[in-house]
Amino acid sequence: MNLVTGATGFIGRHVARRLVRERRPVRVLCRPGSEGRLPGEIAGAAEIAIGDLRDRESLLRACAGTARVFHCAGHVSDWGSRETFFAMNVQGTRWLLEAARVAGVQRVVHLSSIAAFGTPAPAYFDDHSDYGKSKDAYSQTKAEGEKIAFEFHEAGLPVTVLRPAVVYGPEGAWLEEPLRMIEKDRMFLLGGGSGTCHPCYIENLLDAMLLAADHPRAVGQGYIVGDGESLSFREYFDAVASIAGKGPVRRSVPMPAARAIAMACETGARLRNSSTRPLLTHTAIEMVTTRSRMSIAKIRTELGWVPRYTFASAIEELRRWYSENRRALA
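Position 138 of the sequence shown, counting from 1, maps to 796 under my numbering, and the rest follow consecutively.
Shown next, in the form of structure tokens:
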């Protein structure tokens with residue numbers, strides 16, 4: 659049995675769907691009331707375990723009889739209280755891995771992020787780089803979650819950590835949100851879009867996750883996953899615009915203005931004590947304006963993994979997908 663956490667989210671949903679299509683037994687962990695958000699293809703084929711990363715007993719039930727765990731659940735945002743991030747990304751990870759150990763799970767793939775190396779990203783990073791000293795709670799708790807995963811490996815649980823870059827694909831925020839903005843002619847770049855984007859097509863990530871779950875050398879290791887290419891965010895959003903048949907994105911907010919807008923948005927959210935993400939945050943600015951280089955050499959060398967899709971071929975695939983799903987995204 660394969661347990662997938664976060665199956666109502668972007669990456670977890672794709673993992674569960676891939677397993678179903680490969681006719682592998684699947685169990686998905688869903689928070690109470692969220693199971694209705696599962697696509698029919700998954701809901702009709704997978705076993706549904708009702709639970710929550712903040713409920714230890716539910717995790718023990720979910721892991722019972724499971725051979726492999728794909729841990730995709732977590733709190734992903736550039737805004738929110740540290741308590742919320744900690745509960746999901748740190749404490750929730752610890753409790754899930756405890757449950758996996760008790761259940762005698764054979765392999766765990768823990769989904770982390772390149773954000774663990776810091777936001778803003780260092781000028782260069784690879785799988786041997788140190789964790790960054792980030793100010794934002796998401797990056798901090800992803801690093802803490804990784805440390806917990808490696809602690810459990812040292813205690814005997816076969817864990818592999820994967821660190822995807824900017825994951826894009828159908829149902830994902832890095833694709834569908836800019837597509838909607840581009841279609842409505844509301845898309846703006848920040849600082850000319852000169853920051854570095856490290857893209858990771860969802861199908862490439864799924865290939866890496868399934869490989870890591872089976873490869874003996876992957877146990878106890880951490881791997882950065884991406885398309886093996888780096889480009890500017892301007893180039894990335896121009897490619898997204900081409901999916902919709904639109905021209906390049908040329909409107910840009912200068913950095914001083916962007917920082918002033920972020921300051922106003924964040925201040926307003928704090929005064930309202932709002933958990934809703936502001937229109938713009940300083941963390942988002944740092945993420946899309948920092949220039950950096952990264953390497954996926956370790957997963958290539960140790961596991962023999964090669965991205966099945968280049969960025970260009972992924973965009974071609976997404977053009978076909980968009981032509982069939984354009985109305986649903988409107």
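Even for Gly, the Cβ is constructed at its ideal location relative to N, Cα and C.
Proximity of residue i and residue j at Cβ, strictly below 8 angstroms
{"i": "Ile-919", "j": "Leu-889", "result": "no"}
{"i": "Cys-688", "j": "Ile-708", "result": "yes"}
{"i": "His-873", "j": "Leu-961", "result": "yes"}
{"i": "Ala-722", "j": "Leu-755", "result": "no"}
{"i": "Val-819", "j": "Glu-804", "result": "yes"}
{"i": "Thr-934", "j": "Ala-927", "result": "yes"}
{"i": "Asp-885", "j": "Tyr-967", "result": "yes"}
{"i": "Thr-724", "j": "Arg-681", "result": "no"}
{"i": "Arg-892", "j": "Gly-830", "result": "no"}
{"i": "Ala-704", "j": "Val-727", "result": "no"}
{"i": "Ser-797", "j": "Gly-776", "result": "yes"}
{"i": "Thr-854", "j": "Ser-950", "result": "yes"}
Counted within 10 angstroms of its Cβ, other Cβ atoms place residue i as buried (16 or more) or exposed
{"i": "Asn-931", "result": "exposed"}
{"i": "Asp-794", "result": "buried"}
{"i": "Leu-770", "result": "What sits at residue 770 in the sequence shown is Ser, not Leu. Burial call: buried."}
{"i": "Val-964", "result": "exposed"}
{"i": "Val-673", "result": "buried"}
{"i": "Glu-802", "result": "buried"}
{"i": "Leu-976", "result": "buried"}
{"i": "Pro-822", "result": "buried"}
{"i": "Ala-986", "result": "exposed"}
Three-state class that DSSP yields for residue i in the structure shown
{"i": "His-940", "result": "helix"}
{"i": "Ile-882", "result": "strand"}
{"i": "His-873", "result": "coil"}
{"i": "Tyr-789", "result": "coil"}
{"i": "Ala-722", "result": "coil"}
{"i": "Glu-705", "result": "strand"}
{"i": "Tyr-980", "result": "helix"}
{"i": "Val-662", "result": "strand"}
{"i": "Val-898", "result": "helix"}
{"i": "Arg-951", "result": "strand"}
{"i": "Tyr-967", "result": "coil"}
{"i": "Leu-929", "result": "helix"}
{"i": "Ser-692", "result": "coil"}
Closer than 8 angstroms to chain C by CB, residue i
{"i": "Arg-838", "result": "Absent here is chain C; the protein component of the structure consists of one chain."}
The stretch 903 to 919 touching the stretch 762 to 771, judged by at least three CB pairs closer than 8 angstroms: When C-beta atoms of the stretch 903 to 919 are compared with those of the stretch 762 to 771, fewer than three pairs fall below 8 angstroms, so the two segments do not count as touching.
Beta strand (DSSP E) runs contained entirely in the stretch 738 to 770, provided each spans 3 or more residues: The stretch 738 to 770 contains these whole beta strand (DSSP E) runs: 765 to 769.
At least three beta-carbon pairs within less than 8 angstroms, the stretch 667 to 681 to the stretch 855 to 864: Enough Cβ pairs lie closer than 8 angstroms, so yes.
Secondary structure, alpha helix (DSSP H): runs of 4+ residues fully inside the stretch 817 to 869: With a minimum length of 4 residues, the continuous alpha helix (DSSP H) runs that stay inside the stretch 817 to 869 are 831 to 841.
Three CB pairs or more closer than 8 angstroms across the stretch 949 to 960 and the stretch 770 to 787: Flag = yes, the stretch 949 to 960 and the stretch 770 to 787 touch.
Validate contact between the stretch 774 to 783 and the stretch 710 to 718 using beta carbons, cut 8 angstroms, 3 pairs: Flag = no, the stretch 774 to 783 and the stretch 710 to 718 do not touch.
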